[in-house]
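Report on the structure given below.
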Ligand SMILES: C[S@@+](CC[C@H](N)C(=O)[O-])C[C@H]1O[C@@H](n2cnc3c(N)ncnc32)[C@H](O)[C@@H]1O
């Protein structure tokens, strides 16, 4: 026995060399997998990819399904991993049940009867004929059953991914100290406003989408800033940034002053944000603000913001995209908020972010639209438009 305790062998340099070599060998494979995971990876396209996989998996081409799935994914530019996942609908324990269901549905559709369950019924028919009929039943039944499963599972995939991407947790973007600082500031607000702010930060995906887009030294102009949540989040997350917030509702201005008190680089102004001087910020935010003005006024306002922005700057606008709207509940709630005086404005006028993007691109902006809502506001869309930098503009 060793009196000085157990012997701990030093890490062998040979084994760490082998480990290093193995990792180096596997690196291209890992990179390949990562790149396949990222290909055509919008929630909608992933949903379509899963649906295609399910449809192929429900077909009777056993043995060729993987090849068919990869070929279809390549031709239609779908995510290959998602297609292969969809294919798992015909995994071994499920395969016999799926084939049975497909054959029954196919026989019912083609011959108007269910397939007999005893072997006796097939004895009189030549084996080739039985195989051909069964294949046809499986094909037709597979198209119907597979189509229904594909639509359901594909839709579910797109829905869940969309939800996961727009939700997530805002706190992930902050250090624990910064998060505590935020909570501390909210603590000082009257209860109703504090609750509202906490719920908005929890449920509204827009801040999580915007904050990573803004540079560390952003000079943000937040027009129609409400109670000042975006200025607070940005200045706590990026202390080198500065924010000028403009809001015309006196109650919200008071609340913003209270919330942002003592933050040296944040200025809150009371006034009409559509008329105030804009300066030369490198980012402008108009979150849920434009629709309180008539469309002609919105266009004029947006153009002024686009002009004021520095080259390379960001224009961030969130509005409802009417084409995406499944229920017209969101505009109704907006009108109600105006009627009840929660949001100050004359009325509600919808101008879609995709049309805004069309207006901005000829001015040298590159525009991207991202889903930025949940629940009844799921049609909310964030327009992220970047102004051309000086050099691009010069060309
Ligand atoms: C729905 S709230 C959004 C507040 C904030 N942007 C946010 O995302 O939390 C819209 C705000 O825009 C303000 N607003 C609308 N038109 C305005 C204008 N012309 N000038 C200043 N504020 C305006 C309203 O008073 C309201 O506080």
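In our numbering, the protein residues as written are 260 to 654.
A virtual CB, placed ideally from N, CA and C, is assigned to each residue, including glycine.
In this text, all values refer to a predicted model and were calculated from it rather than measured experimentally.
- Remark: the C-beta of residue 538 is outside contact range of ligand 1, defined as less than 8 Å to any heavy atom.
- With contact defined as three or more Cβ pairs closer than 8 Å, the stretch 499–510 and the stretch 465–483 are in contact.
- Segment contact: the stretch 339–352 against the stretch 310–325, three or more CB-CB distances shorter than 8 Å; contact assigned.
- Distance from the CA of residue 563 to the CA of residue 528, rounded to the nearest whole angstrom, comes to 19 Å.
- By the beta-carbon neighbour count (other beta carbons within 10 angstroms, threshold 16), residue 323 is exposed.
- Between residue 396 and residue 369, the beta carbon gap of about 6 Å places them in contact (Cβ cut-off 8 Å).
- For residue 475, the three-state secondary structure derived from DSSP is coil.
- Within the chosen limit of 8 Å, ligand 1 does not reach the beta carbon of residue 632 with any heavy atom.
- Per DSSP, the continuous beta strand (DSSP E) segment holding residue 630 begins and ends at 624–630.
- Per the DSSP secondary-structure output, residue 501 pairs in a beta bridge with 478.
- Three or more beta-carbon pairs drawn from the stretch 430–450 and the stretch 493–500 are found closer than 8 Å, and the two stretches are therefore classed as touching.
- Note that the C-beta distance between residue 568 and residue 542 is below 9 Å.
- Residue 346 places its beta carbon 9 Å or farther from that of residue 365.
- Out of 461, 596, 518, the CA that lies nearest to the CA of residue 551 is found in 596.
- Around residue 307, the same chain offers 337, 413 as residues with beta carbons nearer than 7 Å, after the five sequence neighbours per side are excluded.
- Looking at the DSSP output, residue 390 sits in no beta bridge, so it has no partner there.
- Under the DSSP assignment, residue 544 falls outside any alpha helix (DSSP H), being part of the beta strand (DSSP E) whose first and last residues are 542–546.
- Beta bridge pairing from DSSP links residue 579 with 639.
- At least one heavy atom of ligand 1 falls within 8 Å of the beta-carbon of residue 548.
- Between ligand 1 and residue 281, a heavy atom-to-CB distance of less than 8 Å is absent.
- Contact between residue 577 and residue 620 is ruled out by a C-beta separation of about 18 Å, above the 8 Å threshold.
- With a 10 Å radius around the Cβ and a threshold of 16 neighbouring Cβ atoms, residue 352 comes out exposed.
- Its chain contains 490, 494, 502, 519 as the residues whose beta carbon lies nearer than 6 Å to that of residue 525, once the 5 sequence neighbours on both sides are disregarded; these appear in chain order.
- Cβ contact annotation for residue 612 (same chain, cutoff 7 Å, sequence separation greater than five): 576, 578, 580, 628, 640, 642, in chain order.
- If you check the C-beta of residue 595 against ligand 1, you find no heavy atom less than 8 Å away.
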